[in-house]
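Numbering (mature numbering (1 follows the signal peptide of the UniProt record, and there is no 0)), first residue to last: -22 to -1, 1 to 237.
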């Protein structure tokens, strides 16, 4: 009788178990992330379940709850190092939500396992630059040259501000492809003060000088004046400040007063 009962109940038990496993995926596909987190946390309260921890990490990530996503994904990557799809997803979350040694290790592991994507490489480069790991950053940069178009590369430079030589190269390539469009102008507005602060005037001089005659945007004219003042070309500085004076009388006036 007991064997018969087990025989009858076993398929039901397996059915329930399969449904429990499928629930995580179903909730995730339905974008019911908060419900999924609740379900996963109930499971994790009693056992360190691989699927519960994985979907908890991904749900937090899709909700832009990066701190929670990071801690769950990092724990997953440390405990369940099994070379599975779950594992590599967890590594990507670690890479995208952290900027420390764990993010770098995650990227290296993705490379070793041949699972790194273009976006992973971009993030890897940003983290390396932020941490001042320049030699490794240069290696990643060389791989990105063949993967990114001119706009993507300039966007990357703006996102992490590596050495000025790379930034100038990105600006030159972008200008050659797209000309002096709005994105180029806004990029120059952001980057010229960076060159001034870094005292990298000589590195940027050829490009800025070449473009200066083509620029009529008031905000950038003011910045061009600052650039040429830093380059010790006072007459050029005064000229661009005066062009900006109509739109920025106070800022330009103060600069020309101290000229």
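A virtual CB, placed ideally from N, CA and C, is assigned to each residue, including glycine.
Alpha helix (DSSP H) segment containing residue i, residue limits
| i | result |
| --- | --- |
| residue 131 | 128 to 138 |
| residue 120 | 112 to 122 |
| residue 73 | 63 to 75 |
| residue 159 | Run containing residue 159: none; DSSP gives neither H nor E here. |
| residue 200 | 196 to 208 |
| residue 103 | 96 to 108 |
| residue 182 | 179 to 190 |
Residue i versus residue j: straight-line alpha-carbon distance, rounded
| i | j | result |
| --- | --- | --- |
| residue 141 | residue 200 | 24 Å |
| residue 130 | residue 96 | 11 Å |
| residue -2 | residue 81 | A caution first: residue -2 carries a pLDDT of 49, below 50, which makes its placement in the model too unreliable to give a value. |
| residue 185 | residue 89 | 36 Å |
| residue 212 | residue 202 | 11 Å |
| residue 153 | residue 162 | 7 Å |
| residue 225 | residue 219 | 10 Å |
| residue 239 | residue 103 | What the structure shows of the chain is the stretch from -22 to 237, and residue 239 is not part of that stretch, so it cannot be assessed. |
| residue 8 | residue 99 | 30 Å |
| residue 156 | residue 109 | 32 Å |
| residue 127 | residue 236 | 43 Å |
| residue 176 | residue 190 | 20 Å |
| residue 180 | residue 208 | 10 Å |
| residue 229 | residue 183 | 23 Å |
| residue 77 | residue 222 | 40 Å |
| residue 52 | residue 101 | 17 Å |
| residue 231 | residue 216 | 10 Å |
| residue 57 | residue 50 | 11 Å |
| residue 63 | residue 31 | 14 Å |
| residue 188 | residue 94 | 39 Å |
Reduced DSSP secondary structure (H/G/I, E/B, other) of residue i
| i | result |
| --- | --- |
| residue 231 | helix |
| residue 58 | coil |
| residue 43 | coil |
| residue 48 | helix |
| residue 125 | coil |
| residue 144 | helix |
| residue -2 | Its pLDDT being 49, under 50, residue -2 is placed unreliably in this model, and the value from its coordinates should be taken loosely. Correct three-state label for residue -2: helix. |
| residue 220 | helix |
| residue 239 | Examination of residue 239 is not possible in this model, given that the chain is present from -22 through 237 alone. |
| residue 10 | coil |
| residue 211 | coil |
| residue 193 | coil |
| residue 24 | coil |
| residue 78 | coil |
| residue 90 | helix |
| residue 226 | coil |
| residue 4 | helix |
| residue 153 | helix |
| residue 33 | helix |
Proximity test, Cβ basis, 8 Å: residue i and chain B
| i | result |
| --- | --- |
| residue 127 | Judged by its chain identifiers, the structure shown contains no chain B, having just a single protein chain. |
Closer than 7 Å: residue i CB and nearest the ligand MG heavy atom
| i | result |
| --- | --- |
| residue 179 | Looking at this structure, you won't find the ligand MG or any other ligand, since it has none at all. |
Could you say if the region 112 to 125 and the region 148 to 164 meet the contact criterion of at least three C-beta pairs nearer than 8 Å? At 8 Å Cβ cutoff, the stretches do not touch.
Spell out a yes or no on whether the region 29 to 38 and the region 64 to 78 are touching, meaning 3 or more CB-CB pairs, one atom from each, closer than 8 Å. These segments touch.
Using 8 Å as the Cβ pair cut-off and three pairs as the minimum, do the region 60 to 70 and the region 40 to 47 touch? Not touching, per the Cβ criterion.
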